[in-house]
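What follows is a set of notes on a single structure, which appears directly below.
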DNA sequence: TTGAAAAATGAACATTGTTCATTTTCTTTG
DNA sequence: CAAAGAAAATGAACAATGTTCATTTTTCAA
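Residue numbers (our numbering), protein chains in the order written: chain A, 5 to 222; chain B, 5 to 222.
Here you go:
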């Protein structure tokens, strides 16, 4: 093999390598998209690898070429969802007043949760995708922490404006997050269980109004 | 069969029937106890019917004589756990001041959740035991509602004492419950995922302190 | 065109929930 | 006490699902 051959080979090789890598990434994304669709449609627990493979006309084995196991699929969608949530929250940097921004963040968060209950469960209540985590990345939670940091920054700015006197930043943020998450969690739970405490439609809305009154006066 | 025979038979029949019923109840309770033990030890998802049967030296089939399916076991433990929670909360009627009682209820609730994370998940985050509910009782959530009523009564008494002015009872109660539940849920979630936001040990305690400050001033 | 590397495949296995025909144990009765 | 009938217990067998891996198909540089 002379130098010309080497160069040509190298160029071709790089070209196809790139394309192959792109195609792999595309199929991976296709699998994730199909999985997400089925998860939303029929629930995570009721969706099988065979379902996912069938829905994109690939074989079971192919799914396992691109994902080590079902948990890795859940894991990837978990990360995606956090990126999505953070994306929706980041838009609110346009709201200058931090207290108004905080209120808006809560509303966006709740809408996100109640509009995508299956994904919300995947993010917060499902245990599976995180067990045996020692294997790979620990950084999928970095996205969650980034969202939490968005909250912290906003609350800090509220404090700078004289709000939340006598409160500590980190615990207060955890409390606020717990409030909002708790509402989503209980509402999603009672929806899937068809057991609503009362006012099925508006209980979260009404409770969030109470929340707004309370933090406005802090 | 004459009248004496009938009476004797009837008496014997009732005697053994009672004993049989008691034995059935005992075995049912034994299965539940074994299931709960295994659930706590190795997690609900990792516990199989075979595990449960083995642990009490009965066969798989026997478990299915006493429980229609795994969901019915989860369902029974779900109800038991709510009875347990309500029992712990009911003790607090001794606390006369409703605001103090409310604070104590939160503490008891959090301890209950963090001390029995697996059972807490079963009560609030697990979907399985409640799906296809149309089959049997809808009343297992009555226990949950009873606990919620305990909260409502206490908050109402706080209102009678001049607290929570400008707030509506039901939404406020839902908000309070969401706060406490949210803390438990997030804490349990981050524990099982070995991913803690910060101050792993005390974040809930610190956040609950913030909660106390806030509601004390309402 | 060809041969090797990459990708895709699906048969096969392991686990688990579940069923049910059979076996075992218990109870009543003659 | 013996036998029949009822109740309880059993575990082999089935179905569904996650997973593996030897084989087949496709791709692509030479």
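Even for Gly, the Cβ is constructed at its ideal location relative to N, Cα and C.
Alpha helix (DSSP H) containing residue i: first to last residue?
| i | result |
| --- | --- |
| residue 59 of chain A | 53-59 |
| residue 118 of chain A | 102-119 |
| residue 225 of chain B | Absent from the model: residue 225 of chain B. The displayed extent of chain B is 5 to 222, so no value can be given. |
| residue 95 of chain A | No alpha helix (DSSP H) holds residue 95 of chain A; DSSP gives it neither H nor E. |
| residue 63 of chain B | Segment: none, residue 63 of chain B is in no alpha helix (DSSP H) and carries neither H nor E. |
| residue 167 of chain B | Counting along the chain, residue 167 of chain B falls outside any alpha helix (DSSP H), and DSSP gives it neither H nor E. |
| residue 218 of chain B | 207-220 |
| residue 178 of chain A | 173-196 |
On the CB-based measure, 16 or more other CB atoms within 10 Å of its CB, does residue i come out buried or exposed?
| i | result |
| --- | --- |
| residue 97 of chain A | exposed |
| residue 165 of chain B | exposed |
| residue 81 of chain B | buried |
| residue 91 of chain A | exposed |
| residue 30 of chain B | exposed |
| residue 38 of chain B | buried |
| residue 125 of chain A | buried |
| residue 156 of chain B | buried |
| residue 67 of chain A | buried |
| residue 170 of chain B | exposed |
| residue 191 of chain B | buried |
| residue 45 of chain B | exposed |
| residue 159 of chain B | buried |
| residue 3 of chain A | Since the first residue of chain A shown is 5 and the last is 222, residue 3 of chain A is not available in this structure. |
| residue 85 of chain B | buried |
| residue 51 of chain B | buried |
| residue 151 of chain B | buried |
| residue 40 of chain A | buried |
| residue 105 of chain B | buried |
| residue 139 of chain B | Note that residue 139 of chain B has pLDDT 42, beneath the 50 cutoff, so the model's placement of it is unreliable and no number is given. |
| residue 24 of chain B | exposed |
| residue 21 of chain B | exposed |
Cα-Cα, which of the options is closest to residue i?
| i | options | result |
| --- | --- | --- |
| residue 149 of chain B | A:194, A:60, A:47 | A:194 |
| residue 212 of chain B | B:112, B:163, B:129, B:156 | B:112 |
| residue 154 of chain A | A:123, A:174, A:50 | A:174 |
| residue 220 of chain A | A:178, A:108, A:126, A:182 | A:108 |
| residue 188 of chain B | B:157, B:151, B:119 | B:119 |
| residue 145 of chain A | A:99, A:79, A:184 | A:79 |
| residue 69 of chain B | B:50, B:208, B:28, B:55 | B:28 |
| residue 224 of chain B | A:207, A:218, A:181, A:208 | The requested residue 224 of chain B does not occur in the structure, where chain B is confined to residues 5 to 222. |
| residue 43 of chain A | A:56, A:33, A:177 | A:56 |
| residue 185 of chain B | B:24, B:222, B:25, B:110 | B:110 |
| residue 127 of chain B | B:218, B:33, B:83, B:59 | B:83 |
| residue 116 of chain A | A:93, A:106, A:104, A:99 | A:93 |
| residue 60 of chain B | B:75, B:32, B:72, B:73 | B:32 |
| residue 183 of chain B | A:58, A:218, A:167, A:25 | A:218 |
| residue 222 of chain B | B:177, B:196, B:167 | B:167 |
Just checking my contact of residue i with residue j at CB under 8 Å: how many whole Å lie between their CB atoms?
| i | j | result |
| --- | --- | --- |
| residue 53 of chain A | residue 64 of chain A | 6 Å |
| residue 88 of chain B | residue 172 of chain A | So it is not a contact: roughly 33 Å between Cβ atoms. |
| residue 102 of chain A | residue 162 of chain A | 5 Å |
| residue 214 of chain B | residue 179 of chain A | 5 Å |
| residue 48 of chain A | residue 130 of chain A | 7 Å |
task: Give, in chain order, every residue of the segment 182-198 of chain A whose Cβ lies closer than 9 Å to some Cβ of chain B.
output: 182, 183, 184, 185, 186, 187, 188, 189, 190, 191, 193, 194, 196, 197, 198
- request: With 7 Å as the limit, tell me which residues of the segment 70-87 of chain B have their beta carbon closer than that to any beta carbon of chain A; keep them in chain order.
  value: Result list empty, no residue passes.
- prompt: Looking at chain A, which residues of the segment 204-215 of chain B have a Cβ within less than 9 Å of any of its Cβ atoms?
  reply: 206, 207, 208, 209, 210, 211, 212, 213, 214, 215
Residues from the segment 157-184 of chain A in contact with chain B, defined by Cβ distance under 8 Å: Taking a C-beta cut-off of 8 Å against chain B, the contacting residues of the segment 157-184 of chain A are 170, 171, 172, 174, 175, 176, 178, 179, 181, 182, 183, 184, listed in chain order.
Members of the segment 115-134 of chain B near chain A, C-beta cut-off 7 Å: Of all residues in the segment 115-134 of chain B, only 128, 129, 131, 134 place a beta-carbon less than 7 Å from a beta-carbon of chain A.
message: Along the segment 50-70 of chain B, where does the CB come closer than 8 Å to a CB of chain A? Name the residues.
response: none
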